[in-house]
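What follows is one structure encoded as structure tokens, with my remarks underneath.
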């Protein structure tokens, strides 16, 4: 479970992300946390180097599960929305946090270091009910 504060949570390789963010956080051409209009209204994930921001259907505790597969896993038939992206994890250490959850307090799974393919599936998200724009 992770607190999806402001309707979002983050999956990040924190040290490389922080280094990238220190250089690019004030870039006016980059959307905060990767939340472009397309990310908000189509994909429901924001993507930055070493980071995925996952938009949720509610601002509350949500179930989030990270599993590692050697090959493409089957699609969850209960998923109402599925999107995939690359996630560069050079340290092999992910953190899960949100605007209200410090990375030190969230789950911190170890994954294979390198460029991974991430699939974000939403179960129980009731598409069409209106997606909140994360702030």
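In my numbering, the protein residues as written are 645 to 779.
Here a beta-carbon is modelled for each residue, glycine too, at the ideal position from N, C-alpha and C.
Computed from a prediction, not measured in an experiment: that's the story for all the values here.
DSSP, reduced to helix, strand and coil, places residue 673 outside both helices and strands of the structure shown, so it counts as coil.
For residue 645, the closest of 743, 765, 740, 707 by C-alpha to C-alpha distance is 707.
Within its own chain, the residues whose Cβ lies closer than 8 Å to the Cβ of residue 742, once the five positions on either side in sequence are excluded, are 646, 647, 648, 649, 650, 652, 653, 654, 750, listed in chain order. Ranked by Cα distance from residue 722, the options 738, 766, 732, 693 are led by 766. Secondary-structure assignment with DSSP links residue 659 through no beta bridge to anything. Between residue 725 and residue 717, the alpha-carbon positions lie close to 16 Å from each other. Around the beta carbon of residue 688, a 10 Å sphere encloses 16 or more other beta carbons of the protein chains shown; the residue is thus reported as buried. When DSSP reads this structure, residue 732 sits in a beta bridge with 759. In the structure shown, residue 750 falls within a coil segment according to DSSP collapsed to helix, strand and coil. In this structure, the straight-line span from the alpha carbon of residue 675 to that of residue 714 is close to 32 Å. Straight across, the Cα-Cα distance linking residue 711 with residue 768 is about 19 Å. If you compare the alpha carbons of 683, 728, 690 with that of residue 677, the shortest gap goes to 690. Here DSSP, grouped into helix, strand and coil, assigns residue 649 to helix. Beta bridge pairing from DSSP links residue 691 with 696.
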